[in-house]
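Visitor: The sequence shown maps to residues 32 to 499 in our numbering.
Glycine included, each C-beta is placed from N, C-alpha and C at the ideal position.
Let me begin by handing over the structure; questions about it come next.
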Amino acid sequence: MPTLSPRLVLAQLGRLVRTHAFRLASLYFGVFAASVLGVLLFVYWMSADFVERQTQATLDAEIAGLAEQYAQRGLSGLVQIVAARSAGDRGDGMLYLVTNSDGHPLAGNITGWPAGTPVAPGAIAFNFAAKVKGETQMRPAQGALILVPDGYRLLIARDISDAALFRERIKLTLLWSGLVALVLGLIGGAVMGRNLLRRVEQVNRTAERVMRGNLSDRVPRKARGTSDEFDQLAANLNNMLDQIERLMGGMREVSDNIAHDLRTPLARLRARLELSLIDAPEVGAATDAIRAAIDEADRLLATFNALLNIAEAESGARRNEAEPLDLAQTARAAAELYEPVAEEKGCALTLDVEPGIMIRGDRHLLSQAVANLLDNALKYGGGGVTLSAHQHDGRAALEVSDSGPGIPEDEREAVFDRFVRLEPSRSTPGNGLGLSLVRAVAQLHDGTVALGDNGPGLKVRLEFAALG
Numbered sequence: 032m033p034t035l036s037p038r039l040v041l042a043q044l045g046r047l048v049r050t051h052a053f054r055l056a057s058l059y060f061g062v063f064a065a066s067v068l069g070v071l072l073f074v075y076w077m078s079a080d081f082v083e084r085q086t087q088a089t090l091d092a093e094i095a096g097l098a099e100q101y102a103q104r105g106l107s108g109l110v111q112i113v114a115a116r117s118a119g120d121r122g123d124g125m126l127y128l129v130t131n132s133d134g135h136p137l138a139g140n141i142t143g144w145p146a147g148t149p150v151a152p153g154a155i156a157f158n159f160a161a162k163v164k165g166e167t168q169m170r171p172a173q174g175a176l177i178l179v180p181d182g183y184r185l186l187i188a189r190d191i192s193d194a195a196l197f198r199e200r201i202k203l204t205l206l207w208s209g210l211v212a213l214v215l216g217l218i219g220g221a222v223m224g225r226n227l228l229r230r231v232e233q234v235n236r237t238a239e240r241v242m243r244g245n246l247s248d249r250v251p252r253k254a255r256g257t258s259d260e261f262d263q264l265a266a267n268l269n270n271m272l273d274q275i276e277r278l279m280g281g282m283r284e285v286s287d288n289i290a291h292d293l294r295t296p297l298a299r300l301r302a303r304l305e306l307s308l309i310d311a312p313e314v315g316a317a318t319d320a321i322r323a324a325i326d327e328a329d330r331l332l333a334t335f336n337a338l339l340n341i342a343e344a345e346s347g348a349r350r351n352e353a354e355p356l357d358l359a360q361t362a363r364a365a366a367e368l369y370e371p372v373a374e375e376k377g378c379a380l381t382l383d384v385e386p387g388i389m390i391r392g393d394r395h396l397l398s399q400a401v402a403n404l405l406d407n408a409l410k411y412g413g414g415g416v417t418l419s420a421h422q423h424d425g426r427a428a429l430e431v432s433d434s435g436p437g438i439p440e441d442e443r444e445a446v447f448d449r450f451v452r453l454e455p456s457r458s459t460p461g462n463g464l465g466l467s468l469v470r471a472v473a474q475l476h477d478g479t480v481a482l483g484d485n486g487p488g489l490k491v492r493l494e495f496a497a498l499g
């Protein structure tokens, strides 16, 4: 199983972070997390406040009851009622203590005045020792200190260990609930972002295939249309592509029909000119005019033949005629064909091929594409042209490199269009259809064609899927 390098992983993560789907999912997760955190804090605050209010209400009720007993029965009655309420285990966690002015206990269920607790009337909090299953434990308590006339003290408190335990359990429960909710929110945000990114990627992949020349491709829509924004976008894009395909098809059909309809009359005209040349004198203005007319007819026929070849390749009519072939052998045959032309121009043609590069394709169209590349390289390539064919990682590559002026980077896409020539004077023979045919042949074979620098010069690279 192949492993991803850290640089590739970082590049993929950087690409993910820059996507709108990631930002939208992050915003969704942030809002969801803030909402969950707010709800959990509100629940905790309400639970803790309820416990506090319940404890305070119990203390207020006890204070009111003992104050009434003191008013009716005096100090002795207060001591008796405190002793009665302190007897046994009531189970409500109430704590009582009555002391004299010296702090000596008179009645209650606390052994003595809590250490470190100030003697001041009002709310008070302290820890006390409690027997639990034969063991002594320190527990928290909350209550109030009331000063009775003649220096006596009345301490009424309640054991709040259960309340503290309840708050801790609420806190733990809310913490786990929050973590689960955040994980679910993260998963939901990832799923939402993935679905959004998948719909956008479908549009991007369709656009890329259309830009590569597949005008019949369309943006996929859901089997059961939801009529959401993406379905509407897909419908509008598909309608636009339909219109573009109709317009492009109409233009190509017109140009192809013109080329097809004019090729036959031109061929007849050329034949008649050749017959006239046979009967004409060896030298003279008329003979030169006839020869010039034949040359022009040849150029027109070459243009029409190139247009028809491009149309044939773009239509995919010959796709079913593809067969296994050796790309190295095709390159070698093209080099042998153009070797005399290279010698005539004083240009060194170098062949560098790896044997046994098998691909599936149309032999005639591939040979025509390689011939066009060699013809362009010998026209503009300067002192040397190299034709190479190699195979790497399941891809078969054919390159034609020259040492000429090259093509500026900002014009490399334009030269693949029909009749585009970068030579302003257009004095060099040619019709501007060579690279158009090369791109059409590459697309017919599900391959790619790219222009690059050769330092100096131009490098044209064709890539195809290799067999085996």
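#1: Which residues mark the beginning and the end of the alpha helix (DSSP H) in which Leu368 is found?
#2: Take Ser456 and list the residues in its own chain whose beta-carbon comes closer than 7 Å to its own, dropping the five residues that flank it on each side.
#3: What's the gap between the Cα of Pro180 and the Cα of Leu196?
#4: Counting only runs of 3+ residues fully inside the segment 404-475, write out the beta strand (DSSP E) ranges in chain order.
#5: In chain order, what are the residue ranges of uninterrupted beta strand (DSSP E) at least 3 long that sit wholly in the segment 166-199?
#6: Here's a check: name, in chain order, each residue in its chain whose Cβ is nearer than 7 Å to the Cβ of Pro487, leaving out the five neighbours to either side.
#7: What residue does the beta strand (DSSP E) around Glu385 start on, and which one ends it?
#8: Within the chosen definition, does the segment 185-193 reach the segment 123-132 through at least 3 CB pairs nearer than 8 Å?
#9: Secondary structure at Ala98, three-state DSSP: helix, strand or coil?
#10: Taking the alpha-carbon positions, what's the Ala427 to Asp393 distance?
#11: Alpha carbon to alpha carbon, how far is Gly478 from Thr381?
#12: How many Å lie between Arg249 and Asn269 at the Cα?
#13: Using only the alpha-carbon positions, how far apart do Val401 and Phe53 sit?
#14: Grab the span of the beta strand (DSSP E) containing Ala146 for me, first residue to last.
#15: Would Ala359 and Ile388 qualify as a contact pair, given that the criterion is a beta-carbon distance under 8 Å?
#16: Determine the burial state of Arg229: buried for a count of at least 16 other Cβ atoms within 10 Å of its Cβ, exposed for fewer.
#17: I need the straight-line Cα distance from Gly280 to Ala342, nearest angstrom please.
#18: Got a sec, what are the start and stop residues for the beta strand (DSSP E) Asn158 sits in?
#19: Return the chain-ordered list of same chain residues with a C-beta closer than 8 Å to the C-beta of Ala445, the five sequence neighbours on each side being excluded.
#20: Return the first residue and the last residue of the beta strand (DSSP E) that Gly478 is part of.
#21: Does the beta-carbon of Leu306 have 16 or more other beta-carbons within 10 angstroms, so that it is buried, or is it exposed?
#22: Do the segment 324-339 and the segment 361-376 make contact, defined as three or more Cβ pairs closer than 8 Å?
#23: Measuring alpha carbon to alpha carbon, tell me which residue in Ala156, Gln168, Gln100, Arg299 is nearest Leu331.
#24: At 4 residues or longer, what runs of the alpha helix (DSSP H) sit wholly inside the segment 288-347?
#25: Have a look at Asn403, Thr86, Val372, Gly139 and flag the residue whose alpha-carbon is nearest the alpha-carbon of Leu109.
#26: Name the one or two DSSP bridge partners that Leu380 has.
#27: Distance, Cα to Cα, Ala79 vs Val150?
#28: Looking at C-alpha atoms only, which residue of Glu93, Gly220, Glu83, Leu137 is the closest neighbour of Arg198?
#29: For Met271 and Arg277, I'd like the C-alpha separation in whole angstroms.
#30: Could you check whether the segment 148-163 touches the segment 91-98, counting it as contact only if at least three pairs of C-beta atoms, one from each stretch, sit closer than 8 Å?
#31: On the criterion of 16 or more Cβ atoms from any shown chain inside 10 Å, does Arg470 qualify as buried, or is it exposed?
#32: At the level of alpha carbons, what is the spacing between Leu178 and Gly216?
#33: Between the segment 222-236 and the segment 55-65, do at least 3 Cβ pairs fall closer than 8 Å?
#34: Quick one: measure Cβ to Cβ for Leu409 and Val384, integer angstroms, because I've assumed they're closer than 8 Å.
#35: Count the other CB atoms, across all protein chains shown, that sit within 10 Å of the CB of His135; report buried if there are 16 or more and exposed otherwise.
Guide: In this structure, then:
#1: Leu368 -> alpha helix (DSSP H) spans 358-376.
#2: In this prediction, Ser456 has a pLDDT of 46, which is less than 50 and means its spatial position is unreliable; what the coordinates show is noted afterwards. There are no such residues.
#3: Straight-line measurement puts the Cα of Leu196 at about 37 Å from the Cα of Pro180.
#4: If we require 3 residues or more, the beta strand (DSSP E) runs fully inside the segment 404-475 come out as 415-423, 426-433.
#5: Whole beta strand (DSSP E) segments, 3+ residues: 166-179, 183-190.
#6: So the list reads Ser434, Gly437, once near-sequence residues are dropped.
#7: Taken as a continuous stretch (DSSP letters only), Glu385 belongs to no beta strand (DSSP E), as it is neither H nor E.
#8: Yes: at least three Cβ pairs fall under 8 Å.
#9: Helix.
#10: The alpha-carbon separation between Ala427 and Asp393 amounts to approximately 15 Å.
#11: When rounded, the separation of the alpha-carbon atoms in Gly478 and Thr381 is 24 Å.
#12: Approximately 6 Å, taken between the alpha carbons.
#13: Per the coordinates, the alpha-carbon of Val401 lies some 45 Å from the alpha-carbon of Phe53.
#14: First-last for Ala146: undefined, no H or E at that position.
#15: Yes, Cβ-Cβ distance for Ala359 and Ile388 is below 8 Å.
#16: Counting Cβ neighbours within 10 Å, Arg229 comes out exposed, since fewer than 16 surround it.
#17: Taking the straight line joining both Cα atoms gives about 10 Å.
#18: Here the beta strand (DSSP E) through Asn158 covers 153-163.
#19: Same-chain partners within the cutoff: Val451.
#20: Neither: Gly478 is in no beta strand (DSSP E) and is coded neither H nor E.
#21: Label assigned to Leu306: exposed.
#22: Touching, no, given that fewer than three Cβ pairs across the two stretches are closer than 8 Å.
#23: The option with the nearest alpha carbon to Leu331 is Arg299.
#24: Listed in chain order, the complete alpha helix (DSSP H) runs (minimum 4 residues) inside the segment 288-347 are 316-346.
#25: The option with the nearest alpha carbon to Leu109 is Gly139.
#26: Answer is Val416.
#27: When rounded, the distance between both Cα atoms is 28 Å.
#28: Measuring from the Cα of Arg198, the nearest candidate turns out to be Glu83.
#29: Cα-Cα distance, rounded: 10 Å.
#30: The segment 148-163 vs the segment 91-98: no contact.
#31: Counting of Cβ neighbours within 10 angstroms places Arg470 among the buried residues, the total reaching 16 or more.
#32: Looking at the two C-alpha atoms, the distance is approximately 56 Å.
#33: A contact exists between the segment 222-236 and the segment 55-65.
#34: Leu409 to Val384, Cβ: 18 Å. No contact.
#35: Residue burial annotation: His135 is exposed, with fewer than 16 other C-beta atoms found within 10 angstroms of its C-beta.
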